[in-house]
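Peer 1:
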Amino acid sequence: MIKRYGLASLATLLLSFQGLPGDAVAGGPVASQELVQEIEMLKSIVMDLNERLATAEETLQLSLEQQNKQGGHGQELQDELDDLDKRVSSTEEHSTLDKLNLSADLETRLNSLHMDAKGMPLSLQNGIMSMANGTPFTKAALAAFGPLPPPEDQNIDNNTIFDTRIRVDMKARPADSLSFVGRLSANKVFGDSSGVKWYNGGPNAVTMDGNVHSTGSDSAIRLERAFFTYFDDINGIPYHFSVGRRPALDGAPSEFSNASTVGGSPMAHGINWQFDGASLGFNLAETTGIEGSAFKICWGNGFESGAGSGNSYSFSSSSDVNDMQFAGWIANLYEDDKTKVINMYAHAFDVTDGFTGLVVTPFTMSGMDINGDGRYDSYSMTTNTGGYISRTEPTANIGDIDIVTLLGQSEYKDIGFFADMALSHTRPSGISMSPMMQFFGTDGLLNSNGEQFDRTGYSVWAGLKAPVSWTEGTIGFEYNWGSQYWLGFTGGEDNIAGSKLATRGSVYEIFYNQPFVDNKLVLSVGAQYYDYEYSGSGSPMGDPVKISELTSLDSFLPVVDTMWNYYVNLAYRW
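Counting in this note's numbering, the sequence shown runs from 8 upward without gaps.
In structure tokens form, the structure reads like this:
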């Protein structure tokens, strides 16, 4: 039956308007008369429409009767229509439940860097580079240069350097028990798309799997995270299992100063480094009665050494370089809308003396172990005059690392604050077989020249911020300090000046965040002052040397003493 359109409602509408006083209708009697004319016109249109529909209904009925006479195909037609309706409903359900939600984070940043550094005198550096002609030499050859002069003070400045970071987040929840999260990202320095850096002595000079999303390189879009999560419960205890490329960047409390939400799962004080792995977590709030309590077991693979990895020894039966892996936990001891207390523990097994990566070095070095004791007796260097790219890879497993952090974060009368404490402990068990590391002495896990001592380091990080009522912005201050042997995996920190949380020394930061357009656009301005006390911040290789006691050989490449980093960031989040 085809629906017909009646006149009762129009008549009722007409009568209701006629029953109103003239002034009750905007425009008075004139407007009422115009309204009556329009309704009369609508009556005519509806009557004509009903006649057309009646004709169509008669035609359809005759068609169905004819099809029934020819074999009952009318019912078949109805069945096909019913099946089509089911398929359309199924498609609508699929579109509703299985759709992929997208969001974007685009941030353009201006940094101004000003460094005071210690560096090897140019005359001595040129003398050492003169040996880069392929002729073998020993460490004793340095004696030919006489007593090494002290390092020189150097000023290194870049008044303006811009970069743009884009992140595209993907989320889907096809079922209550299953979710997917992915992120594609790029981090491009203005005027630079090479993707490979000149080696400057810092750990982030090498483009590696763990830092390629954060250090600013080319314009390539890369997979930053991609994992699925399965949800269920065991005896009423909710749990979730997840595997894939982990959300390991920008964990709490790094969101404190950049006016964003928590970006990653590990605590940023100990791990801010991209990796692949899995996790198994339990929500314990109802079981323990402690609000927000949860416990998650984590595993990750930091370096793959075997067949399929593409390393030079991946098909060698004599290689003794093992995979580097992580394991640990994240324990939410308490968490509500304002306060959280979180503990993290991570253990790194078979730490390697580097990672697979790309870099351009000023020279290449090879070594010869004459007596087979694992120490090179002679070396040879070749100048990289063509600026060729080198592919780096680990040469040895050098020990294990333990990292523990404890974060307390809350607010009082709109004043936000946090305190985060961390401890690292290293246990060396081997030396690097890199000729360059052996020549310069930085061949062990926080040890030099073959020494194998356990080291314990400490770090503290604290912050305070308050709202500015007349601008609706926030102003804040952060401070962090690391001891001589402090070591965390924080090289993925998104800071072109280098990871402040890796610093063996002090970093002071003041910042101001101003939101616009309902917090979809945020302007951040601030300044960071780095005061390094020891060399090698962020690197596991070599015994850190006090800045005031550096030798020229320690500073073959410049070692930063102090640095100012001024920044202006404009972030679009939607």
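Glycine included, every Cβ here is placed at the ideal spot set by N, Cα and C. All figures in this text were calculated on a predicted structure; none of them were measured in a lab.
Suppose you measure from the CA of W584 to the CA of L494; what does that come to, to the nearest Å?
Peer 2: The requested residue 584 does not occur in the structure, where the chain is confined to residues 8 to 581.
Peer 1: From R382 to L131, what does the alpha carbon distance come to, in whole angstroms?
Peer 2: Roughly 25 Å between the two C-alpha positions.
Peer 1: Cutting at 8 Å between CB atoms, please list the residues of its own chain near G217, excluding the five before and the five after it.
Peer 2: Contacts found: W280, Q281, F282, G309, F362, F496, G498, G499.
Peer 1: Between G505, T402, K204, E231, which lies nearest to G189 when the distance is taken from Cα to Cα?
Peer 2: Residue E231 is the option with its Cα nearest to G189.
Peer 1: Per DSSP, H121 is paired with what?
Peer 2: In the DSSP output, where bridge partners are listed per residue, H121 has D164, W571.
Peer 1: N207: buried (16+ other C-beta within 10 angstroms of its C-beta) or exposed?
Peer 2: N207 should be labelled exposed.
Peer 1: From the DSSP output, read off the bridge partner residues of K553.
Peer 2: Y541.
Peer 1: Could you work out which residue in M388, G379, W477, M428 is closest to Q416 when comparing CA atoms only?
Peer 2: Measuring from the Cα of Q416, the nearest candidate turns out to be M428.
Peer 1: Determine the extent of the beta strand (DSSP E) in which A334 is found, giving its start and end residues.
Peer 2: Per DSSP, A334 belongs to the beta strand (DSSP E) from 331-342.
Peer 1: Can you tell me whether DSSP reads G299 as helix, strand or coil?
Peer 2: Looking at G299 - three-state DSSP - the assignment turns out to be coil, as it is neither helix nor strand.
Peer 1: What does the alpha-carbon distance come out to for the pair L256 and N140?
Peer 2: Roughly 43 Å separates the two Cα atoms.
Peer 1: Under three-state DSSP, which class holds I9?
Peer 2: Model confidence at I9 stands at a pLDDT of 45, short of 50, so the residue's coordinates are unreliable and nothing is read from them.
Peer 1: Is it buried or exposed, T294, if we count other Cβ atoms within 10 angstroms and call 16 or more buried?
Peer 2: T294 is exposed by the Cβ-count criterion.
Peer 1: Would you call the CB atoms of R511 and Y539 closer than 8 Å?
Peer 2: In this structure, Y539 lies closer than 8 Å to R511 by Cβ.
Peer 1: Please classify D239: is it buried, with 16 or more other beta-carbons within 10 angstroms of its beta-carbon, or exposed?
Peer 2: Its Cβ having fewer than 16 others within 10 Å, D239 is exposed.
Peer 1: Express the C-alpha separation of F144 and M138 in angstroms, rounding to a whole number.
Peer 2: Spanning the two alpha carbons is a distance of roughly 8 Å.
Peer 1: Looking at C-alpha atoms only, which residue of M127, L365, N404, D384 is the closest neighbour of H394?
Peer 2: At residue 394 the sequence reads Gly, which differs from the His that was named. It is L365 whose Cα lies nearest to the Cα of G394.
Peer 1: Quick one: grab the DSSP three-state call for I135.
Peer 2: In the structure shown, I135 sits in a helix (DSSP, three-state: H, G or I).
Peer 1: Can you tell me whether N279 is helix, strand or coil according to DSSP?
Peer 2: Coil.
Peer 1: Please name the residue in D409, E418, S316, Y573 whose C-alpha comes closest to that of D344.
Peer 2: Of D409, E418, S316, Y573, the residue nearest in Cα terms is E418.
Peer 1: Please work out which residues of its chain come closer than 7 Å, Cβ to Cβ, to I503, disregarding the five sequence neighbours upstream and downstream, and give them in chain order.
Peer 2: For I503, where only same-chain residues beyond five positions count, the Cβ hits under 7 Å are N118, I168, D170, G223.
Peer 1: What residue does the beta strand (DSSP E) around S264 start on, and which one ends it?
Peer 2: That residue, S264, is in no beta strand (DSSP E); its alpha helix (DSSP H) goes 262-265.
Peer 1: Within 10 angstroms of its Cβ, does K1 collect 16 or more other Cβ (buried), or is it exposed?
Peer 2: The structure shown has nothing for residue 1, since the chain only spans 8 to 581.
Peer 1: Please confirm whether A403 and G437 have their CB atoms less than 8 Å apart.
Peer 2: Yes, Cβ-Cβ distance for A403 and G437 is below 8 Å.
Peer 1: Which residues in the same chain have their Cβ closer than 6 Å to the Cβ of N456, if we skip the five residues on either side of it in sequence?
Peer 2: Once the five neighbours on either side are set aside, the close Cβ partners of N456 are G448.
Peer 1: Should the region 367-376 be called in touch with the region 316-336, which here means at least 3 C-beta pairs below 8 Å?
Peer 2: Flag = no, the region 367-376 and the region 316-336 do not touch.
Peer 1: What is the DSSP secondary structure of M443, reduced to helix, strand or coil?
Peer 2: Reduced to three states, the DSSP call for M443 is helix.
Peer 1: Do you know how far the Cα of S531 is from the Cα of P442?
Peer 2: When rounded, the distance between both Cα atoms is 44 Å.
Peer 1: Distance, Cα to Cα, N318 vs E400?
Peer 2: For N318 and E400, the distance between alpha carbons rounds to 7 Å.
Peer 1: Roughly how many whole angstroms lie between the Cα atoms of D561 and H276?
Peer 2: Near 27 Å, if we compare the C-alpha coordinates of H276 and D561.
Peer 1: If we count the other Cβ atoms within 10 Å of its Cβ and call it buried at 16 or more, is K420 buried or exposed?
Peer 2: So K420 counts as exposed.
Peer 1: Whose C-beta lies closer than 8 Å to the C-beta of Y341 among residues of the same chain, with five residues either side of it excluded?
Peer 2: For Y341, where only same-chain residues beyond five positions count, the Cβ hits under 8 Å are I297, E298, G299, S300, K347, V348.
Peer 1: Within 10 Å of its beta-carbon, does Y537 have 16 or more other beta-carbons around it, so buried, or fewer, so exposed?
Peer 2: Buried, since its Cβ has 16 or more Cβ neighbours within 10 Å.
Peer 1: What is the C-beta distance between M127 and P158, in whole angstroms, given that I count them as a contact (C-beta under 8 Å)?
Peer 2: With 8 Å as the limit, M127 and P158 qualify as a contact, their Cβ atoms being about 6 Å apart.
Peer 1: How far does the beta strand (DSSP E) with D407 in it extend, from its first residue to its last?
Peer 2: Its beta strand (DSSP E) spans residues 404-419.
Peer 1: Just the C-alpha distance for M440 and D450, rounded to the nearest angstrom, thanks.
Peer 2: Computed Cα separation, rounded: 8 Å.
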